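In terms of this note's numbering, the sequence shown opens at residue 30 and continues consecutively.
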Amino acid sequence: MSKKGILLVNLGTPDSPETADVKKYLDQFLMDERVIDIPKLNRILLIKGIIVPFRSPKTAKLYKEIWNENGSPLLYYSRLQAKMLQERLGDDYHVELAMRYQNPSIESALANLKAGRVDSIQVIPLFPQYASASTGSVLQLVMKLVSKWHTIPPISFVNSFHDNELMIKIFAENARKHNPESYDHVLFSFHGLPERQIDKGDYFGKNYNFRDISQREVLNDDNKFCYLAQSYDTARLIAKELNLSKENYTVCFQSRLGKEPWVQPYTTDVLKKLAAEGKKRLLVFSPAFVADCLETLYEITVEYHEEFRALGGEHVQLVESLNDSPVFIEALAGMVK
Numbered sequence: 030m031s032k033k034g035i036l037l038v039n040l041g042t043p044d045s046p047e048t049a050d051v052k053k054y055l056d057q058f059l060m061d062e063r064v065i066d067i068p069k070l071n072r073i074l075l076i077k078g079i080i081v082p083f084r085s086p087k088t089a090k091l092y093k094e095i096w097n098e099n100g101s102p103l104l105y106y107s108r109l110q111a112k113m114l115q116e117r118l119g120d121d122y123h124v125e126l127a128m129r130y131q132n133p134s135i136e137s138a139l140a141n142l143k144a145g146r147v148d149s150i151q152v153i154p155l156f157p158q159y160a161s162a163s164t165g166s167v168l169q170l171v172m173k174l175v176s177k178w179h180t181i182p183p184i185s186f187v188n189s190f191h192d193n194e195l196m197i198k199i200f201a202e203n204a205r206k207h208n209p210e211s212y213d214h215v216l217f218s219f220h221g222l223p224e225r226q227i228d229k230g231d232y233f234g235k236n237y238n239f240r241d242i243s244q245r246e247v248l249n250d251d252n253k254f255c256y257l258a259q260s261y262d263t264a265r266l267i268a269k270e271l272n273l274s275k276e277n278y279t280v281c282f283q284s285r286l287g288k289e290p291w292v293q294p295y296t297t298d299v300l301k302k303l304a305a306e307g308k309k310r311l312l313v314f315s316p317a318f319v320a321d322c323l324e325t326l327y328e329i330t331v332e333y334h335e336e337f338r339a340l341g342g343e344h345v346q347l348v349e350s351l352n353d354s355p356v357f358i359e360a361l362a363g364m365v366k
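Now the structure itself:
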């Protein structure tokens, strides 16, 4: 019986919240040439000599805060998504889950698809907006591994799904559970990237200036592959679904690493600005993630909430991610079909 192979890939998670496992995860993640895109020797000295030894114990403490009876929330929900998609697609398909970093590995998932005698493979990186450090890294590794096979089956890739109609509806529906009208302002807080990576990702040349926020706000032929432009488009579509005016929401970026400039505005700066304006209650989306994880469950729910309260605010409420939503499984099935 012929089958079509589906490979879902999310970012990754440590095998446990213990320092040794967090160290292995950070080492593999940050040594990726697409994540820290500097010369290899400099990257080795920076990552293995400074960042990983110093950050691992601190990051392990944060993972312990979100670890629960199901283990890593990111892995738990990713496994559920793969299981639900398999059930939705039926026996004509073989669905495998992989993590770009740590386990289950892309290499092992591809081996399982090969052993399952699939006729083709479709790779769906679980990142709504394309970025070299996420989707690009997944696609590069898949192509590298498959290039070693003597016989390569038909392979296709989903580049991004930032404007997927069902995904937009789920985020909006999750927000409605919190009565958006009861909040003073809405944030769309996306994962940040170094400015140099956006510069390097200018696929069509210098027709697009990402530093000009007005140029990010309208997706067009010059910026259609840009992470920032896709992020703004996702935010615009969710805001439209919720009937939010531009004055009532802000797009911002979190999770900086190091001192070099990352894309702005930074979420922490927006929190300060809104607190100074007297805003008390904030509703926060994180639409770069399809499953709740450290960046949502701790960085937003705990760190930003505490930071905003210290500035005079009252509450920061996270809008839950797509997690085990059956509608998101329909969205994935639509990408497959």
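We put the beta carbon where it would ideally sit given N, CA and C, even for glycine.
These numbers were taken from a predicted model, which means no experiment stands behind them.
Across the set V124, K366, V348, the C-alpha of V124 shows the shortest separation from the C-alpha of Q115. DSSP places Q151 within a strand segment (E or B) once states are collapsed to three. Per DSSP, M128 is not a residue of any alpha helix (DSSP H); the beta strand (DSSP E) it occupies stretches across 122–130. Across the set S45, H207, Y232, the C-alpha of Y232 shows the shortest separation from the C-alpha of C255. Cα atoms of V64 and R240: separation of roughly 21 Å, rounded to the nearest angstrom. In the DSSP annotation of this structure, G363 is not part of any beta strand (DSSP E); the continuous alpha helix (DSSP H) holding it starts and ends at 355–365. Beyond the five residues adjoining it in sequence on each side, L40 comes within less than 6 Å, by CB distance, of R129 in the same chain, given in chain order.
Shown here, T180 sits in coil according to DSSP, grouped into three states, outside any helix or strand.
L104 sits close to T42, with the two beta carbons spaced by under 8 Å.
With contacts defined by Cβ atoms closer than 8 Å, Q283 and T296 form a contacting pair. The segment 351–359 and the segment 190–204 touch, with three or more beta-carbon pairs separated by less than 8 Å. Secondary structure of N141 (DSSP, three-state): helix. Cβ-Cβ distances below 7 Å link T88 to V51, L55 in the same chain, with the five nearest sequence neighbours on each side left out; the list follows chain order. The DSSP-derived three-state label of Q244 is helix. Cα atoms of K309 and F337: separation of roughly 9 Å, rounded to the nearest angstrom. A straight-line Cα-Cα distance of about 7 Å links I95 and P102.
In this structure, K33 sits near Q151, with a CB-CB distance shorter than 8 Å. P223 is bridged by DSSP to W291.
The shortest CA-to-CA distance from I227 to any of V292, L271, T164 is the one to V292. In this structure, the straight-line span from the alpha carbon of F219 to that of N352 is close to 17 Å. Separation of N97 and L170 (C-alpha to C-alpha, rounded to the nearest whole angstrom) is 30 Å. In the DSSP assignment, V280 falls within the beta strand (DSSP E) that extends over 278–283. Take L248, set aside five residues on each side of it, and the residues of its chain with a beta-carbon closer than 6 Å to its own are A258, D262, in chain order. Bounds of any beta strand (DSSP E) do not take in N352, whose DSSP letter is neither H nor E.
Annotated as distal: Y159 and F217, with beta-carbon spacing of 8 Å or more. Between I135 and L174, the CB-CB gap stays under 8 Å.
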